[in-house]
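Student:
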Amino acid sequence: MISPTLACADYLHLENDIRDMDRAGVDFYHIDIMDGHFVPNLCLNFDMVKAIRSISSTPMDVHLMVTNPMDYVDRLAELQVEYACAHVGALPDPAAFLSALRDRGIRPGLVLSPEDGVERVEPYLDRAALVLVMGVKPGFSGQRFLPETLDKLHKLSALKKEKDFSFLLEVDGGIGWDNIRACTQAGAELAVAGVFAVFGQEDMGLYEACVRFREETE
Ligand code: DX5
Ligand code: ZN
510 MISPTLACAD YLHLENDIRD MDRAGVDFYH IDIMDGHFVP NLCLNFDMVK AIRSISSTPM
570 DVHLMVTNPM DYVDRLAELQ VEYACAHVGA LPDPAAFLSA LRDRGIRPGL VLSPEDGVER
630 VEPYLDRAAL VLVMGVKPGF SGQRFLPETL DKLHKLSALK KEKDFSFLLE VDGGIGWDNI
690 RACTQAGAEL AVAGVFAVFG QEDMGLYEAC VRFREETE
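Under this note's numbering, the first residue of the sequence shown carries the number 510, and numbering increases by one thereafter.
Shown next, in the form of structure tokens:
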């Protein structure tokens with residue numbers, strides 16, 4: 510499954526891009542929300558999520574790169590996004606964050622930054638609907654994939670099988686044609702597709718890139 514990251518879409522032609530991706534049958538839209546504090550950048554906002562929702566019924570996975578993820582829970586519930594996740598290092602009480610989202614009808618997840626080991630999320634795997642492993646430092650698109658990410662995917666996938674957990678395993682950052690197979694073989698079920706995968710590909714348009722990149726994840 511793929512989740513194109515709308516941070517990399519053409520904002521001047523966002524409606525066209527969304528229609529092309531919907532037609533290609535993408536599984537999710539990945540929505541990066543940044544606060545300029547947890548990471549030194551800003552990205553999409555709630556009004557954009559609302560606008561996108563008005564033209565597409567493709568599920569959204571919201572990735573919070575913010576210092577206080579709990580402050581965003583009610584707004585996410587109003588927008589009725591399907592999945593939302595935050596960095597475990599930004600959460601004093603990850604279990605409380607997961608329950609707050611779940612109580613509001615959102616499937617909740619936790620994110621591992623490159624410096625976080627799998628043990629940071631292990632106590633919560635029974636309650637998480639999604640675990641996102643970052644393949645790059647959060648904050649900017651276009652960075653090179655860190656190979657140690659594969660080891661974390663392997664470990665999480667093994668734990669999922671061993672304990673029969675139901676979380677979706679997602680990988681985000683630096684994913685392209687050269688490393689997608691390694692990610693899925695390591696256990697990633699959902700890949701965030703950015704500039705190395707579907708946006709601005711020289712030899713194909715967005716529609717074709719989405720169709721073909723999605724096939725790489727099957
Ligand atoms: C990085 C974001 C990613 C980013 C991925 O901070 O979380 O979702 O948009 O873009 P690429 O795939 O280009 O690295
Ligand atoms: Zn992201």
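The beta carbon of each residue, even a glycine, is placed where N, CA and C say it ideally should be. Just so you know, these numbers come straight off a predicted model, no measurement behind them.
CA-CA distance, residue 542 and residue 726?
Tutor: 25 Å
Student: Which residue from 583, 642 and 686 puts its Cα closest to that of residue 724?
Tutor: 686
Student: Give me the Cα-Cα distance between residue 528 and residue 565, rounded to the nearest whole angstrom.
Tutor: 8 Å
Student: Using only alpha-carbon positions, find the residue among 593, 649 and 621 that is nearest to residue 609.
Tutor: Put simply, of 593, 649 and 621 the residue whose alpha carbon is nearest the alpha carbon of residue 609 is 593.
Student: Mapping DSSP to helix, strand and coil, what is residue 644?
Tutor: coil
Student: Find out if the Cβ-Cβ distance for the pair residue 701, residue 514 is shorter than 7 Å.
Tutor: yes
Student: Could you give the first and the last residue of the continuous beta strand (DSSP E) run that contains residue 679?
Tutor: 677-681
Student: Restricting to Cα atoms, I'd like to know which of 510, 672 and 678 is closest to residue 730.
Tutor: The chain is shown only over 510 to 727; residue 730 falls outside these bounds and no answer can be derived.
Student: Going by C-alpha distance, which of 558, 660, 715 and 549 is nearest residue 627?
Tutor: 660
Student: Mind listing, in chain order, the continuous beta strand (DSSP E) runs of no fewer than 3 residues lying wholly within the region 575-658?
Tutor: 592-596, 616-621 and 639-643
Student: Check this for me: beta carbons of residue 606 and residue 570, under 7 Å apart or not?
Tutor: no
Student: May I ask you to check if the CB of residue 572 is nearer than 6 Å to at least one heavy atom of the ligand ZN?
Tutor: yes
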